[in-house]
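In our numbering, the protein residues as written are 32 to 563.
Following this line, the structure appears as structure tokens:
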């Protein structure tokens, strides 16, 4: 399929996708109900969740929608929020670009103009960014991202205050009606005890070790004879023993259980976290945090030669069947900082999403502190919907910590649109490309006002009249014109920047598309694959 016909069908798919996504935008955005292939339907206000759930029978429409889904996914992957914004911007840019190409304009010149405009918008946003550091500011950013839920904003702000922006914050499903925040001052490993024999508290089904010695072994431990000197040492010191190893089996495992039962030795074993090449990285992080030495061939340290100096220390270790929490680990601060610097350097060079996630987890662990936000609700459907908003709120607050904030509600983009008048272009098509971005920058404020039930054209017109006032904006939740900073209505620059860049990247490709190739499986042939 070629030319105008191909672009028109792709635009249909983009329009239907954007229509479903944009209803979630703003403090008075609506829910979207998604039918799942199994279980109860999902209710959400999360733009990327809505986008991912949509597909079309028409293959060309599906191509257009799939590319805009890519915009939402890309923005979500980097900024963690802003997926709805990216989707509506992509639709606007593609729609206006398609009109211009249909009118006979040069698509490549249009693209150059759009890229010039985006660079100007990004530079403007960076120049107006306000750094944030207080819990109140974090709460404001998080609340906006959670569709105006102040409780969620406060919860996220408290979590960040406790563990820092690099700290571990996990979001789980709670068991009560209320949201809860649990802060663990320590290190959490996703590994539970090897045997229930190690349990010290039968009521809670946990193994709790106070002031333990910590052995970290890279390989599998199977020989009791090699373990004997270590057991004699910990019995002499009258301290519990915590072992992290690839595995403990056979005679060695039996020896530990027998010593616990007969000699009263408090001991617990977990398997080393991670897998493959990541396992050794996790172990090296762990030895740095606990002040232990890694027993392995690479360090030339042997199990049978272990001394107390090779063992790590912690104030308390709590092990359940699923995970381990180490409290008050005693590691050398300089060694920990060196590990942290090394991981930070690797993170800057990483390109694969999986590698980035693993490195971010390691950096969080080395930064110390674990916060768990437990999302409560009356039903699984309610908890799932709230959990989506909490995830967005956390990601948005973290994004704000890195690149700062600007007035929210689409105001910053409206202000940036005025800066585009200053761009000098070399031809008419480039100027039209700039104008396409200028139109797109007005769309978010329009949709937010419309979703709240107000006359959007009048709202946007009023905001443009007061454009010289950097913080003047419209509070769609209250229906009032306010100082956006004072009202706490703000957007993270990182989220806006990524949404704009990702939207333009895909939209310009769609605008410059002249043909669509897709497989056509004909009903009268089982062997031949035809292409249109």
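Each residue gets a CB set at the ideal place from its N, CA and C atoms; glycine is no exception. Fair warning: this is a prediction, and the values are worked out from it, not measured in the lab.
- In the three-state reduction of the DSSP assignment, residue 355 falls in the strand class.
- Residue 45 and residue 52 have their C-alpha atoms roughly 10 Å apart.
- Inclusion of residue 248 and residue 274 in the CB contact set at 9 Å is warranted, their separation being smaller than that value.
- A Cβ-Cβ distance of about 4 Å is found for the pair residue 120 and residue 534, placing them in contact under the 8 Å criterion.
- Here residue 131 is buried, its C-beta having at least 16 other C-beta atoms within 10 Å.
- Excluding five sequence positions before and after residue 272, the CB atoms of its chain that fall closer than 6 Å to its own CB belong to 244, 265 and 298, given in chain order.
- Across the set 502, 368 and 401, the C-alpha of 502 shows the shortest separation from the C-alpha of residue 444.
- From the listed residues 242, 285, 234 and 82, the smallest Cα separation to residue 258 is found for 285.
- Residue 39 and residue 516 have their C-alpha atoms spaced approximately 41 Å apart.
- In chain order, 503 place their CB closer than 6 Å to the CB of residue 497, counting only its own chain and leaving out the 5 sequence neighbours on each side.
- Taking C-alpha positions only, residue 454 is separated from residue 142 by approximately 15 Å.
- Its chain contains 505 as the residues whose beta carbon lies nearer than 8 Å to that of residue 511, once the 5 sequence neighbours on both sides are disregarded; these appear in chain order.
- In this structure residue 155 touches residue 447 by the C-beta definition: roughly 5 Å separates them, less than 8 Å.
- By the Cβ neighbour-count rule, residue 416 is buried, with 16 or more other Cβ atoms within 10 Å of its own.
- Cβ contact annotation for residue 189 (same chain, cutoff 6 Å, sequence separation greater than five): 212, in chain order.
- The residue from 495, 426 and 528 with its alpha-carbon nearest to that of residue 112 is 426.
- Following the DSSP letters along the chain, one finds residue 438 inside the beta strand (DSSP E) bounded by residues 436–438.
- Within a 10 Å sphere around the beta-carbon of residue 151 sit 16 or more other beta-carbons, which makes this residue buried.
- In this structure, DSSP gives residue 166 a helical state, which the three-state scheme calls helix.
- Distances from the alpha-carbon of residue 363 to those of 340, 291 and 348 put 340 closest.
- Under a 10 Å Cβ-count criterion, residue 204 is classified as exposed, with fewer than 16 other Cβ atoms of the shown protein chains found around its own Cβ.
- Within 10 angstroms of the beta-carbon of residue 62 lie fewer than 16 other beta-carbons, which makes it exposed.
- Secondary structure in the segment 220–246: the beta strand (DSSP E) runs of 3 residues or longer, each lying completely within the stretch, are 238–241 in chain order.
- Cβ neighbours of residue 346 within its own chain (closer than 7 Å, five residues either side excluded): 242, 358 and 359.
- For residue 541, the enclosing alpha helix (DSSP H) stretches over residues 524–542.
- By the criterion of a C-beta distance shorter than 6 Å, residue 378 is surrounded in its chain by 390, once the five residues flanking it on both sides are discounted.
- A Cβ-Cβ separation of about 7 Å places residue 148 in contact with residue 469 under the 8 Å criterion.
- The alpha carbon of residue 392 has as its nearest neighbour, out of 410, 361, 327 and 309, the alpha carbon of 309.
- For residue 536 and residue 477, the gap between their C-alpha atoms comes out near 23 Å.
- Here residue 526 is actually not in contact with residue 435; their C-beta atoms are around 11 Å apart, not less than 8 Å.
- The alpha carbon of residue 420 has as its nearest neighbour, out of 47, 33, 57 and 539, the alpha carbon of 57.
- Taking the CA atoms as reference points, residue 330 sits about 15 Å from residue 338.
- Ranked by Cα distance from residue 66, the first of 80, 88, 60 and 54 is 80.
- DSSP lists 404 as the beta-bridge partner residues of residue 212.
- Counting along the chain, residue 205 sits inside no beta strand (DSSP E), nor does DSSP assign it H or E at all.
- In the structure shown, residue 495 falls within a helical segment according to DSSP collapsed to helix, strand and coil.
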